[in-house]
Amino acid sequence: MNRQALVQAIADKQSYLCVGLDTDITKLPKHLQQHPNAVFEFNKAIINATKDYCVSYKINTAFYEAMGLKGWAAMEDTLHYIPNTHFKIADAKRGDIGNTSSQYAKTFFEILPFDAVTVAPYMGEDSVRPFLEYEDKFTIVLGLTSNKGANDFQKLMVSNTAKDTNLIPNFLQGNTEEYLYKKVLNTIAQWGTKNNLMFVVGATQASDLASIRDIVPDNFLLIPGVGTQGGSLQNVSKFGLNKDCGLLVNASRAIIYASSKNDFATEAAEIAKQYQVEMGNYLK
Numbered sequence: 025m026n027r028q029a030l031v032q033a034i035a036d037k038q039s040y041l042c043v044g045l046d047t048d049i050t051k052l053p054k055h056l057q058q059h060p061n062a063v064f065e066f067n068k069a070i071i072n073a074t075k076d077y078c079v080s081y082k083i084n085t086a087f088y089e090a091m092g093l094k095g096w097a098a099m100e101d102t103l104h105y106i107p108n109t110h111f112k113i114a115d116a117k118r119g120d121i122g123n124t125s126s127q128y129a130k131t132f133f134e135i136l137p138f139d140a141v142t143v144a145p146y147m148g149e150d151s152v153r154p155f156l157e158y159e160d161k162f163t164i165v166l167g168l169t170s171n172k173g174a175n176d177f178q179k180l181m182v183s184n185t186a187k188d189t190n191l192i193p194n195f196l197q198g199n200t201e202e203y204l205y206k207k208v209l210n211t212i213a214q215w216g217t218k219n220n221l222m223f224v225v226g227a228t229q230a231s232d233l234a235s236i237r238d239i240v241p242d243n244f245l246l247i248p249g250v251g252t253q254g255g256s257l258q259n260v261s262k263f264g265l266n267k268d269c270g271l272l273v274n275a276s277r278a279i280i281y282a283s284s285k286n287d288f289a290t291e292a293a294e295i296a297k298q299y300q301v302e303m304g305n306y307l308k
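Each number in the working numbering corresponds to the 1-based position in the sequence shown with 24 added.
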């Protein structure tokens, strides 16, 4: 799914909801626990219940990799079950030297039909570039995350040493220091375009979204942290929306674990619908 199709899906559904399939087999309803394909059966029910209210699904690969071959099979089955009308994200946070990243990119864009993959940029451009070379695929680079440890590095003040001042947004002109995450965003924004590059910005960092939009005004932002982690959809929308919407707001546990009983899918649908209705109001 390319950018144009994603923007159209958002307009049609009046939703920028991404449902996170962070499926933990130990948290499934008891009546599914003994099913031979419990994770896939759970995911199918969640997808069937929420697909009318969301435009995207995000599969956190760690929950599947932790189960070995059986988990990988459940992930593949889930991925193929998601309708092609929905944007499919591999939340894998890959990133390594160039030839290794090339293999990761092949995995998620050729072997598996994902539309996007999350990437950690710490190793620099050659670790990100292989993902960006795929047409109509998105590389979602970690920008400013919602976890407590984000303050350890992402909000360190670093010297602004850009040689070309044209690469520095106006609000940073004349400054000698900036947050590390802003330097990362500003640098990586030059490597791709709005058609192949997105950024992760945690919902609990909504107060920083205005300045982030100064750096990447047109790129889509993947926003985790709404719901169970306490992020505000209202604040994220206020500071993050652009003319094309430009947001995919992810909710995982708040939706998929809305109930631990037989009615889990019905409850998931209700929570997803609530998000969709609120999002529709912000898109007006």
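The C-beta atom is built at its ideal place from N, Cα and C for all residues, glycine as well.
For clarity, every value in this text was computed on a predicted model and none was experimentally measured.
| Check | Outcome |
| --- | --- |
| Using 10 angstroms around the beta-carbon of N220, count the other beta-carbons present and answer buried if the total reaches 16, otherwise exposed. | buried |
| If I follow the unbroken alpha helix (DSSP H) through V141, where does it start and stop? | Run containing V141: none in the alpha helix (DSSP H); it sits in the beta strand (DSSP E), A140 to V143. |
| Starting from S276, trace the alpha helix (DSSP H) in both directions and tell me its first and last residue. | First-last for S276: undefined, no H or E at that position. |
| Rounded to the nearest angstrom, what separates N259 and Q300 at their Cα positions? | 16 Å |
| Leaving aside the five residues before and after G254 along the sequence, list all residues of the same chain whose C-beta is less than 7 Å from its C-beta, in chain order. | T228 |
| State the Cα-Cα distance for the pair V152 and N243, rounded to the nearest angstrom. | 16 Å |
| Report buried or exposed for N84, applying the criterion of at least 16 other Cβ atoms within 10 angstroms of its Cβ. | buried |
| Check whether the Cβ atoms of I164 and A129 sit closer than 7 Å, and answer yes or no. | no |
| Is the separation between the beta-carbon of A230 and that of F263 shorter than 7 Å? | yes |
| How do the segment 60-76 and the segment 112-123 stand: do at least 3 beta-carbon pairs fall below 8 Å, yes or no? | no |
| Which of the three DSSP states is assigned to K37 in this structure? | helix |
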